[in-house]
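Numbering (the working numbering), first residue to last: 22 to 423.
Note that CB positions come from ideal geometry on N, CA and C, so glycine has one too.
Below: one structure, written as structure tokens.
Have a look at this one:
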């Protein structure tokens, strides 16, 4: 009898845990479907509840919020469980010129990025690591003995002047400048070294997403991170260049493909400046050459207008911007990573034949749905090259106002 009771209790506990798990997953599912904040066109505020219609939700009276005529719309699960307050902001509808052109990207870091520390063979044959546990990968060297450092070249010149004494580096770490002291090591060639691997610039291929009426642009839909540290690069300057596609490495399951291109770093091929490298893309202002780009004026879709179903992608993989058929298969209104807000799958046979789906270099390709600019491609799934993540168009445009 005792064994039966214990077994029944065990089953009861399992059932309770299953029910709790189902409730939690259900809550998370609805939370991902119902946005925390939405913008609506002025004059359509009364349609908000229709836009958010769900059999599980009931809405209370709106509460005025401060600033811009926005208000809070409380909602409840099943009519009685407090769920969340949705911030609703009336806004003017906007239009931008969507692109899809491949562009070259060159960025210089703010200071000199430390990639890693390493060992040095000193002139007496000993192995030493002067920077170990003092600086960290992801730190930026901004000063050397109180003298500003802007590039790797300047750092090397400062090292050439050393006479063996300790040096003080000012490093930027997590937004804070920290002074650290290092003792250089003279290597077997008689040169002083700090035992630090550094980088001061990066370059690559991406896709221009849109240009607004004032010549401001957005591209990529995600930020550029250092390949070694994985951290978002702090930049001091950068430029957008014209680029040409030279080849395509087709994507497949477990092996993401890539566009290979040619960037000529010549003044006459600069399209504009790069002023911001954010988690939602790179941004700047055009200076010239936009007349050579493919630009199509479209209204920007609010995120709640997106729906699972047919869509299209604008991209340039064979020298010309073309529109390819795709499908939005999942939408997440509140993803922790704003550049992973929906899932897009390539369905166009021509693009699948050319690239296998989404490849590196297509980040920033505009996504269109129902005649509007809906978002941009940001990532490819490693195990399914036909699919990847996207970012909402309105999320990218928010960076233009910051």
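Note: residue 218 is bridge-paired with 137 in the DSSP secondary-structure output. If you ignore the 5 residues before and after residue 321, its C-beta comes within less than 8 Å of the C-beta of 114, 115, 116, 117, 393, 394, 414, 415 and 418, all in its own chain and listed in chain order. Counting the other Cβ atoms within 10 Å of the Cβ of residue 332 gives 16 or more, which makes it buried. By a beta-carbon distance limit of 8 Å, residue 190 does not contact residue 180. Their separation comes to about 11 Å. Residue 375: member of the alpha helix (DSSP H) spanning 370-376, first to last residue. Residue 251 counts as exposed, since fewer than 16 other C-beta atoms from the protein chains shown sit within 10 angstroms of its C-beta. Under the three-state reduction of DSSP output, residue 186 falls in the coil class, being neither helix nor strand. Residue 152 counts as buried, since at least 16 other C-beta atoms from the protein chains shown sit within 10 angstroms of its C-beta. Assigned with DSSP and collapsed to three states, residue 58 falls in strand.
DSSP places residue 288 within a helical segment (H, G or I) once states are collapsed to three.
Classified as buried, residue 301 has 16 or more neighbouring CB atoms from the shown chains inside 10 Å of its CB.
Under the three-state reduction of DSSP output, residue 254 falls in the coil class, being neither helix nor strand. Checking the DSSP bridge columns, you'll see residue 400 partnered with 410. The Cβ atoms of residue 342 and residue 315 lie closer than 7 Å to each other.
For residue 180, there is no enclosing beta strand (DSSP E); the enclosing alpha helix (DSSP H) has its first and last residue at 173-181. For residue 244, the CB contacts under 6 Å within the same chain, skipping 5 residues up- and downstream, are 253, 298, 299 and 300 in chain order. Check the Cα spacing between residue 230 and each of 206, 318 and 265: the tightest is with 318.
A distance below 7 Å between beta-carbons, with the five flanking residues on each side excluded, links residue 99 to the following residues of its chain, in chain order: 77.
Classified as exposed, residue 31 has fewer than 16 neighbouring CB atoms from the shown chains inside 10 Å of its CB. By the neighbour-count criterion, in which a residue is buried when 16 or more other Cβ atoms sit within 10 angstroms of its Cβ, residue 372 is buried. For residue 150, the closest C-alpha among the options 167, 208, 163 and 105 is that of 208. Per DSSP, the continuous beta strand (DSSP E) segment holding residue 107 begins and ends at 102-112. In the DSSP secondary-structure assignment, residue 366 is bridged to 348 and 408. In the DSSP assignment, the residues bridged to residue 169 are 164. Under the DSSP assignment, residue 359 falls outside any beta strand (DSSP E); it carries neither an H nor an E label. Collapsing the DSSP output to three states places residue 191 in a strand. Residue environment for residue 336: buried (at least 16 other C-beta atoms within 10 angstroms of its C-beta).
Contact annotation, residue 396 with residue 379: C-beta distance approximately 13 Å; criterion of less than 8 Å not satisfied. Within the same chain, 380, 381, 401, 403 and 406 come within 7 Å of residue 277 by CB-CB distance, once the 5 residues on both sides are set aside.
DSSP, reduced to helix, strand and coil, places residue 416 within a helical segment of the structure shown. Under the 10 Å beta carbon count, residue 160 is surrounded by 16 or more other beta carbons and is classified as buried.
For residue 183, the closest C-alpha among the options 264, 242 and 205 is that of 205. Remark: C-beta atoms of residue 141 and residue 158 do not approach each other more closely than 7 Å.
Each of 304, 126 and 256 was checked against the Cα of residue 237, and the nearest Cα belongs to 304. For residue 306, the enclosing beta strand (DSSP E) starts and ends at 302-306.
Distance from residue 162 to residue 132 at the Cβ level is roughly 5 Å; contact confirmed, criterion being Cβ atoms closer than 8 Å.
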